[in-house]
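In the working numbering, the protein residues as written are 2 to 524. Cβ atoms here follow ideal geometry from the backbone N, Cα and C, with glycine treated the same way. Note that this is a predicted model, so its numbers are computed, not measured.
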């Protein structure tokens with residue numbers, strides 16, 4: 002679900018004691034490259050880290066536009082009344098540039114060792130709920146003294162204020178059901194980290210937040226979805242492992258399918274921060290384009306059909322969809338020979354779409370859509386080569402089976418359920434490899450825009466399921482090699498089959514879709 006929030010991008014910096022000046026400089030760099038937010042971890046019991054609120058105040062004084070926030074504040078060691086006044090004070094001084102990331106205090110023993118309350122995990126959540134109520138009362142200027150009697154905090158006539166300069170949002174770091182329910186009921190934002198909660202688990206947690214929000218009489222869209230990110234621009238395969246284009250694809254996908262709208266990069270590397278600013282620009286363009294297209298589609302009874310002939314009257318298509326006319330994007334051909342004797346599908350039964358109009362011309366931005374699809378596929382082809390290389394390393398004894406299996410399971414094509422494609426709007430900036438984008442957005446639009454493509458789209462979706470099963474076969478072969486019920490030849494056979502079906506599928510998708518994406522991609 003896309004909750005429609007404005008996109009925000011920021012950094013998650015390490016407040017190391019020995020590098021205070023560098024932390025401030027990285028915060029300034031965050032602002033200089035056009036990012037929106039600087040956040041710091043808050044562990045008051047850790048002497049190797051600078052005090053978060055003191056450092057955030059200095060950062061705010063050395064910047065002009067970026068917002069600042071804890072990520073997240075340790076509530077047990079920060080009394081809610083004092084914390085509320087600290088936030089409001091800094092927000093007023095900065096003209097409304099402060100938000101509050103807040104946590105129940107996960108390191109309970111460390112909290113207790115530093116004179117904090119000795120609470121169980123359940124008690125910490127109850128204390129957090131009481132604290133949120135107190136903080137909001139402090140920020141509310143109207144009314145008499147604050148009187149709230151709780152099990153963990155009792156406020157008896159505390160004066161209100163100061164009020165912050167703007168409506169400060171409270172973002173909760175939450176992972177388990179009770180905290181997620183609290184987030185849905187009371188919080189303005191949810192702030193998990195990809196290192197603890199991978200992207201494939203976001204949907205399940207979002208659902209719990211949404212259900213709690215509805216039960217509390219709230220619109221789920223009132224809860225902003227934030228995400229602390231860990232990734233490598235020089236990585237290969239997996240979530241946020243690759244160049245900027247990979248990050249743009251994956252974060253745009255998370256925005257449109259899971260509703261994530263604030264992305265915070267955990268890195269102290271200046272080059273990473275600069276590159277993340279480029280990612281932010283790409284994601285903004287991609288999401289804006291997709292949302293505009295979705296709004297336009299919803300306001301009409303059907304998408305604009307650029308081919309007026311009914312599907313039955315379409316001429317039969319040529320084997321090569323990119324040949325002829327001014328269409329210069331050349332699909333990648335499949336391998337000439339098969340590696341496996343197993344054939345999970347009959348390639349001769351694949352439907353074809355409408356033939357290319359030899360008189361049609363294509364603008365450069367239209368051609369870019371098909372080329373972008375091929376680039377995405379090339380990334381997946383490279384990952385397939387990695388799988389073959391991992392298998393050979395296992396065979397040579399230079400890598401353990403468990404390590405190889407872990408690598409394979411974190412690759413992009415594994416994470417994205419073996420679904421491929423591109424969702425192209427204005428200048429074709431949005432590229433994604435996720436099944437939900439294809440099923441929910443790309444494929445229905447192609448069907449509506451040109452009914453002759455429906456058989457092709459249906460076949461592609463069917464092949465996605467087959468490819469997923471083949472990948473599961475690779476995983477089973479790895480398990481069998483570990484438990485002794487299989488051998489390296491069985492693993493090689495599974496990878497040979499994977500090689501055949503994936504490369505064939507990618508070639509077929511390119512052959513059938515690169516031209517329609519150019520022809521139908523700009524609405």
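Annotation: the continuous alpha helix (DSSP H) that includes residue 140 extends over 122-140. Nearest to residue 63 by C-alpha distance, out of 519, 447, 29, is 29. Rounded to whole angstroms, the gap between the alpha carbons of residue 177 and residue 342 is 47 Å. Taking a C-beta distance under 8 Å as the contact criterion, residue 190 and residue 172 qualify as a contact pair.
Remark: C-beta atoms of residue 479 and residue 406 approach each other more closely than 8 Å. Using a Cβ distance threshold of 8 Å, residue 36 and residue 12 count as a contacting pair. Remark: C-beta atoms of residue 351 and residue 509 approach each other more closely than 8 Å. By the C-beta criterion, the region 98-109 is judged not to be in contact with the region 153-162, since fewer than 3 inter-stretch pairs fall below 8 Å.
Going by DSSP, residue 38 is part of the beta strand (DSSP E) stretching over 38-41. When the Cα atoms are used, residue 136 and residue 174 turn out to be separated by approximately 17 Å. Each of 45, 226, 38 was checked against the Cα of residue 18, and the nearest Cα belongs to 45. Restricting attention to 231, 78, 254, the CA atom closest to the CA of residue 2 is found in 254. Bounds of the alpha helix (DSSP H) holding residue 490 are 489-521. Within the same chain, and ignoring the five residues on either side of residue 288 in sequence, the residues whose Cβ sits closer than 7 Å to its Cβ are 8, 253, 256, 257. Taking the C-beta atoms as reference points, residue 234 is found no nearer than 8 Å to residue 195. In the DSSP annotation of this structure, residue 254 is not part of any beta strand (DSSP E); the continuous alpha helix (DSSP H) holding it starts and ends at 245-259.
When secondary structure is reduced to three states using DSSP, residue 233 falls in the strand class.
With respect to the 8 Å criterion, residue 357 and residue 511 are not classified as neighbours on the basis of their beta carbons. Inside the region 152-178, DSSP marks whole beta strand (DSSP E) runs of 3 or more residues at positions 155-159, 171-173, from first to last along the chain. Taken through DSSP and simplified to helix, strand or coil, residue 225 comes out as strand. Counting along the chain, no alpha helix (DSSP H) covers residue 68; the unbroken beta strand (DSSP E) around it starts and ends at 68-71.
Taking C-alpha positions only, residue 450 is separated from residue 335 by approximately 28 Å.
In the DSSP assignment, residue 19 falls outside any beta strand (DSSP E), carrying neither H nor E. The beta carbon of residue 501 lies closer than 6 Å to those of 339, 340, 341 in the same chain, with the five residues before and after it left out.
Where residue 111 is concerned, the enclosing alpha helix (DSSP H) starts and stops at 109-114. If you ignore the 5 residues before and after residue 242, its C-beta comes within less than 7 Å of the C-beta of 232, 233, 236, all in its own chain and listed in chain order. The beta carbons of residue 78 and residue 115 sit closer together than 8 Å. According to the DSSP assignment, residue 331 belongs to no beta strand (DSSP E), since it is labelled neither H nor E. In the three-state reduction of the DSSP assignment, residue 191 falls in the strand class, which pools E and B.
If you draw a 10 Å sphere on the C-beta of residue 204, you find fewer than 16 other C-beta atoms in it, and that means exposed. Contact between the region 243-252 and the region 270-280 is present, with at least three C-beta pairs closer than 8 Å. Close CB contacts of residue 215 within its chain, under the 7 Å cut and outside five residues either way in sequence, are with 221 (chain order).
The beta-carbon separation of residue 42 and residue 81, rounded to 19 Å, does not stay under the 8 Å limit for a contact.
Only buried fits residue 87, as 16 or more other CB atoms lie within 10 angstroms of its CB. Beta-bridge annotation (DSSP): residue 9 is paired with 263.
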